[in-house]
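One structure below.
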Amino acid sequence: MKRYLTILALILALALPPFLDEFSLAVLVQTLMWAYLAMSWDVIGGYGGQFSLGHAAFLGLGAYTSTLLLENFGLIPWIGIWISGIVAGGAGALVGFASLRLRGPFFALGTIAFAELTQLLLTYLKDITGGPLGIMINKVGFEYMIFDKQIYYYYLMLAFTVFGVLFLRYFERSKFGIALIALREDEDAAEAVGIDVYRAKVLGASISAFLTGMGGTLYAQWIHYIRPDTLVRLDFSTQIAAIDVVGGAGSPYGGIIGALILVPISLYLNALFGGMVAGLSVLLYGVVLLVVVVLMPGGIYGFLRRILMRRERYARG
Amino acid sequence: MLEARGITKRFGGLVALNDVTLNVNKGELLGLIGPNGSGKTTLFNVITGFYKPDSGRVIFKGIDITGMRPHKITRLGIGRTFQIPKPFGRMTVLENVMTAAFYGGNASGSEAREIAERWIEYVRLREKAHQEARTLNIVERKLMELARALSTNPELLLLDELVAGLNPSETMEVANLVRRLVDDFGITIVMVEHVMRAVMTISDRVFVLHRGMKLAEGTPEEISRDPRVIEAYLGEQVRL
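First to last, the sequence lines map onto chains S and G.
Position one of the first sequence corresponds to residue 77 (this note's numbering), numbered consecutively onward.
Position one of the second sequence corresponds to residue 6 (this note's numbering), numbered consecutively onward.
Written as structure tokens, this is what we have:
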């Protein structure tokens with residue numbers, strides 16, 4: 077049943093785009109991108125239970141790395157995206173080290189500080205990054221991962237999203253994934269059964285940041301213009317986390333579910349009222365997050381799964 | 006097998022352990038007793054690497070493990086349970102125990118499942134194997150902790166108040182399970198326990214801590230006759 081549903085969704089996702097206009101496609105492109113970012117966050121935030129509110133820093137580092145490599149050395153983003161991942165992954169390891177000392181809300185605050193620091197560095201290192209004015213990417217072409225039609229972006233983002241789901245499905249059953257879940261549930265018990273908690277946290281944060289950094293390249297190639305303050309900002313960090321928590325943190329499908337619900341609504345709201353009511357989409361994220369956290373602790377995915385399991389139990393008698 | 010030499014551990018001004026020396030011989034069941042706050046759990050935490058002692062050394066199988074991280078000590082062959090159980094709440098019982106076999110026992114996927122199922126069966130939790138650990142009651146949680154510790158394939162097992170909170174018949178049942186681990190599986194065990202009957206019945210040797218210091222050491226018979234122990238510990242209960 078679940079398999080047919082997955083295949084149906086995939087066929088729909090592949091066949092639908094030619095029938096859609098550019099605006100709708102742009103909405104879907106962003107939905108998929110946020111879904112991928114939320115899944116990247118899930119590795120450390122959901123499975124590892126380390127609530128990062130600084131993932132925009134990895135997004136920014138990834139975007140800047142591949143863009144600077146492209147602008148200065150002509151390195152195409154298809155290769156640059158991997159280096160973006162590595163740079164962001166290195167920064168992620170630092171955040172992982174921070175999580176060894178900072179617990180719960182203090183870790184979240186630490187990651188906010190880390191993102192602020194990243195934004196400041198990107199702004200002040202003018203000679204390298206172009207400073208507060210940012211960088212415009214004036215290239216078009218497949219080799220630059222920059223397309224003139226949304227439909228190409230759509231398939232690119234879809235590929236990354238599908239990869240994200242497959243990765244998480246593999247990850248949550250892997251030996252390393254189990255270590256992260258165990259330490260989320262209880263750090264002392266994890267150590268007592270032989271798990272190197274420090275290593276798992278650092279590696280987990282690093283993997284999460286690596287994936288987010290790759291997302292940064294995707295974002296830069298889509299938006300063509302990167303600036304420290306529009307990229308490394310707190311509401312991006314919270315959005316990444318909120319999408320995953322609403323959809324269902326610590327599950328392969330949470331990111332997609334959360335993004336499908338939150339991203340289109342917030343984009344339409346912004347398009348409708350953006351000029352008049354500033355921050356409406358931020359409000360939406362806040363309200364939905366609040367409702368979900370209070371009413372459905374496992375997110376929407378966890379809620380649906382509980383209902384399905386209950387029905388199965390009834391069916392069995 | 007295990008030597009803790011001259012262990013001292015302070016918390017601020019409180020001396021939790023004061024120059025305690027404890028030897029554990031291979032193949033024995035050592036009961037570790039003492040009134041509340043006498044330093045039993047602290048000693049466990051020092052041995053398993055959760056606390057660093059202020060002075061003294063811990064030697065296990067000839068290796069100095071003082072200050073080593075807990076997961077390394079587990080992999081060297083010391084398993085433990087916690088006084089207040091620490092289950093991986095949103096994992097099933099089977100997953101909890103398999104995780105231990107995976108990491109502490111260094112087993113592959115299918116081996117881990119086999120080992121986990123065997124120990125779950127041993128502690129009589131088979132019916133609960135596919136339930137989330139957070140749904141277990143306190144007794145079941147303690148038994149799961151025992152299965153989890155056993156799955157790390159320990160040579161030395163430290164049990165922290167395993168039978169506290171059980172009714173008398175359950176207590177003796179679990180005590181027999183513990184005794185069989187020594188007799189049938191050759192595991193060396195140190196158990197902290199408040200329930201005198203359980204300790205005195207199954208221990209080969211008893212070690213008494215009082216206010217962070219060693220008070221007495223000997224066979225259960227010697228200990229239950231020792232006037233100092235009776236005064237410090239049993240006497241308390243008589244007054245109750």
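Each residue gets a CB set at the ideal place from its N, CA and C atoms; glycine is no exception.
Keep in mind that this is a model prediction, so the values were computed, not measured.
Three or more pairs of CB atoms, one per stretch, sit closer than 8 Å, so the region 138-148 of chain G contacts the region 76-94 of chain G.
Not flagged as an interface residue toward chain G: residue 105 of chain S, since no C-beta distance is shorter than 8 Å.
Taking the beta carbon of residue 91 of chain G as reference, the chain S residues within 7 Å of it are 262, 264 and 265, listed in sequence order. Any Cβ of chain G closer than 8 Å to the Cβ of residue 270 of chain S would place that residue at the interface, and such an atom is present. Cβ contact annotation for residue 225 of chain G (same chain, cutoff 6 Å, sequence separation greater than five): 205, 208 and 211, in chain order. Take residue 263 of chain S, set aside five residues on each side of it, and the residues of its chain with a beta-carbon closer than 8 Å to its own are 273, in chain order.
Looking from the CA of residue 95 of chain S, the closest CA among S:298, S:226, S:245 and S:268 belongs to S:226.
A check of alpha carbon separations from residue 308 of chain S across S:80, S:134 and S:83 identifies S:134 as the nearest. Annotation: residue 199 of chain G is outside any alpha helix (DSSP H) and is labelled neither H nor E by DSSP. Of the candidates S:360, S:86 and S:325, S:325 places its Cα closest to the Cα of residue 378 of chain S. Exposed is the label assigned to residue 200 of chain S, since fewer than 16 other Cβ atoms lie within 10 Å of its Cβ. For residue 78 of chain S, the enclosing alpha helix (DSSP H) covers residues 78-91. Looking at the backbone, the Cα of residue 179 of chain S and that of residue 14 of chain G are separated by about 25 Å.
Per DSSP, residue 26 of chain G is one residue of the beta strand (DSSP E) stretching across 19-29. Straight-line measurement puts the Cα of residue 154 of chain G at about 10 Å from the Cα of residue 148 of chain G. Only residues of its own chain outside the window of five on either side were considered, and among them 198, 205 and 302 have a CB closer than 7 Å to the CB of residue 140 of chain S, listed in chain order. Along the region 236-258 of chain S, going in chain order, the ones with a CB nearer than 8 Å to a CB of chain G are 251, 254, 255, 257 and 258.
Cβ atoms of residue 151 of chain G and residue 128 of chain G come within 8 Å of each other, at about 5 Å. Sequence-distant Cβ neighbours of residue 45 of chain G in its own chain, meaning closer than 7 Å and more than five residues away, are 37, 39, 197 and 214. When beta bridges are read from the DSSP output, residue 221 of chain G appears opposite G:213. A Cβ of chain S is located within less than 8 Å of the beta carbon of residue 105 of chain G.
In this chain, the beta strand (DSSP E) harbouring residue 60 of chain G covers 60-65. Against chain S, the beta carbon of residue 109 of chain G has neighbours under 7 Å at 269 and 270, listed in chain order. A check of alpha carbon separations from residue 151 of chain S across S:166, S:131 and S:221 identifies S:221 as the nearest.
Cβ atoms of residue 240 of chain S and residue 123 of chain S stay farther apart than 8 Å, at about 13 Å.
Contact between the region 95-114 of chain G and the region 265-272 of chain S is present: 3 or more CB-CB pairs across the two stretches fall below 8 Å.
For residue 85 of chain G, the nearest CB of chain S lies under 8 Å from its own CB, placing it at the interface with that chain. DSSP, reduced to helix, strand and coil, places residue 231 of chain G outside both helices and strands of the structure shown, so it counts as coil. Considering only S:254, S:109, S:388 and S:99, the residue with the shortest C-alpha distance to residue 347 of chain S is S:99.
Between residue 162 of chain G and the set G:109, G:124, G:82 and G:171, the nearest pair of CA atoms involves G:82. Residue 237 of chain S: member of the alpha helix (DSSP H) spanning 226-247, first to last residue. Between the alpha carbons of residue 375 of chain S and residue 339 of chain S lies a gap of roughly 16 Å.
Flagged as an interface residue toward chain S: residue 76 of chain G, by a C-beta distance shorter than 8 Å. Boundaries of the alpha helix (DSSP H) around residue 276 of chain S: 273-299. In the three-state reduction of the DSSP assignment, residue 14 of chain G falls in the strand class, which pools E and B.
Under the three-state reduction of DSSP output, residue 163 of chain G falls in the strand class.
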